[in-house]
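Protein chains in written order, with the working numbering: chain F, 36 to 234; chain C, -12 to 121.
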């Protein structure tokens, strides 16, 4: 493999003035199998606006148990569990962001759309499909979580010197095929590449 | 194959974008006809760092020349909004990843041009480096 710095990518958000990079919606029934299919999925989801400068952190935690032989050497590791998570902080205080964090049944909007009522309590957000759009020049990536659920809404600070932010953790569940997270990458040079997302 | 990672000419890149967005702009040097078309934006790179393997952070100063202080400040304020919206656009052929406005616009008279007003502000602009294949 040759050294090619052009393939060292930075994870900047693929967002436009009217479209954020983190999207969510009802759980999809068809798992995308290609970059173009992932784009189609992306277009069906609702965006949540600005995310904090820390971006999105994807953790892929595989825990194992050691099998140790009589003389104390590890001879094998067996899989205990897989825990995939996305962590990010929503900083746009609007209907879509609160719905992404809590679920639409806990957020109501006035008829004119200018007032929100947010209900917090001992309940989890519903399962949703999440997608994150990334780009660096002509290269693009889409992270798709077919079955995700916000399982942590961390401390919300109301302070005069920082944005009201919703730090959420999205737990990523098995989609029925043994996978929880899909990452689709396009270097922008394929004949099927479309360049910038126009959703 | 290997690639050389070259810093982009951010002054020329920003000037081209400014002109495309209907600003009157120059990269150094100032035009000899300074004052004939105002406001005029001059872009200077004052330094920067290679922030990542493939990303440079350019320290950039924007100078706005106008007929009086108020006009210079008003244009400089508008220009901060323009600069803040650079994220995601290409500058000199490479994507802009991040813009942070440093010093907000301030009156900064230019002793070489005492009949004009000048307002200045600074920004730190992260762009991808330019890749040249060997």
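For every residue, glycine included, the Cβ atom is placed at its ideal position computed from N, Cα and C.
Output yes or no for whether 7 Å exceeds the beta carbon distance between residue i and residue j.
{"i": "residue 135 of chain F", "j": "residue 83 of chain F", "result": "yes"}
{"i": "residue 172 of chain F", "j": "residue 113 of chain C", "result": "no"}
{"i": "residue -8 of chain C", "j": "residue 41 of chain F", "result": "no"}
{"i": "residue 12 of chain C", "j": "residue 111 of chain C", "result": "no"}
{"i": "residue 44 of chain F", "j": "residue 225 of chain F", "result": "no"}
{"i": "residue 59 of chain C", "j": "residue 99 of chain C", "result": "no"}
With burial defined as no fewer than 16 other Cβ atoms inside 10 Å of the residue's Cβ, what is the status of residue i: buried or exposed?
{"i": "residue 166 of chain F", "result": "buried"}
{"i": "residue 189 of chain F", "result": "exposed"}
{"i": "residue 108 of chain C", "result": "buried"}
{"i": "residue 149 of chain F", "result": "exposed"}
{"i": "residue 79 of chain F", "result": "exposed"}
{"i": "residue 209 of chain F", "result": "exposed"}
{"i": "residue 0 of chain C", "result": "buried"}
{"i": "residue 212 of chain F", "result": "exposed"}
{"i": "residue 154 of chain F", "result": "exposed"}
{"i": "residue 230 of chain F", "result": "Low local confidence applies: a pLDDT of 47 at residue 230 of chain F is under 50, so the model's placement there is unreliable, and no value is given."}
{"i": "residue 140 of chain F", "result": "exposed"}
Going straight from the alpha carbon of residue i to that of residue j, what length do you get?
{"i": "residue 85 of chain F", "j": "residue 125 of chain F", "result": "6 Å"}
{"i": "residue 215 of chain F", "j": "residue 178 of chain F", "result": "11 Å"}
{"i": "residue 232 of chain F", "j": "residue 74 of chain F", "result": "With a pLDDT of 43 at residue 232 of chain F, under the threshold of 50, the predicted position of this residue should be treated as unreliable, and no value is reported."}
{"i": "residue 43 of chain C", "j": "residue -6 of chain C", "result": "7 Å"}
{"i": "residue 64 of chain C", "j": "residue 66 of chain F", "result": "47 Å"}
{"i": "residue 60 of chain F", "j": "residue 132 of chain F", "result": "12 Å"}
{"i": "residue 97 of chain C", "j": "residue 151 of chain F", "result": "51 Å"}
{"i": "residue 64 of chain F", "j": "residue 184 of chain F", "result": "16 Å"}
{"i": "residue 66 of chain C", "j": "residue 56 of chain C", "result": "15 Å"}
{"i": "residue 114 of chain F", "j": "residue 93 of chain F", "result": "20 Å"}
Where do the ends of the alpha helix (DSSP H) carrying residue i lie?
{"i": "residue 40 of chain C", "result": "It is not in any alpha helix (DSSP H) - residue 40 of chain C carries neither H nor E in the DSSP assignment."}
{"i": "residue 65 of chain C", "result": "56 to 71"}
{"i": "residue 1 of chain C", "result": "-3 to 7"}
{"i": "residue 70 of chain F", "result": "70 to 78"}
With respect to the beta strand (DSSP E) encompassing residue i, which residues constitute its N-terminal and C-terminal limits?
{"i": "residue 134 of chain F", "result": "Segment 130 to 137 is the alpha helix (DSSP H) holding residue 134 of chain F; no beta strand (DSSP E) there."}
{"i": "residue 108 of chain F", "result": "From DSSP, residue 108 of chain F is part of no beta strand (DSSP E); its letter is neither H nor E."}
{"i": "residue 163 of chain F", "result": "163 to 171"}
{"i": "residue 174 of chain F", "result": "174 to 188"}
{"i": "residue 99 of chain C", "result": "Run containing residue 99 of chain C: none; DSSP gives neither H nor E here."}
{"i": "residue 26 of chain C", "result": "Looking at the DSSP string, residue 26 of chain C is not in any beta strand (DSSP E), and its letter there is neither H nor E."}
Indicate whether the contact test is met: 3 or more Cβ pairs, each with one atom in the region 186 to 205 of chain F and one in the region 110 to 130 of chain F, closer than 8 Å.
yes
Is the number of C-beta pairs between the region 6 to 15 of chain C and the region 98 to 106 of chain F that are closer than 8 Å three or more?
no
Segment contact flag, the region 47 to 62 of chain C with the region 23 to 30 of chain C, C-beta cutoff 8 Å, min 3 pairs
Taking 8 Å as the limit for Cβ pairs, the verdict is that the region 23 to 30 of chain C does touch the region 47 to 62 of chain C.
If we count Cβ pairs, one from each stretch, closer than 8 Å, do we get three or more for the region 76 to 90 of chain C versus the region 16 to 23 of chain C?
no
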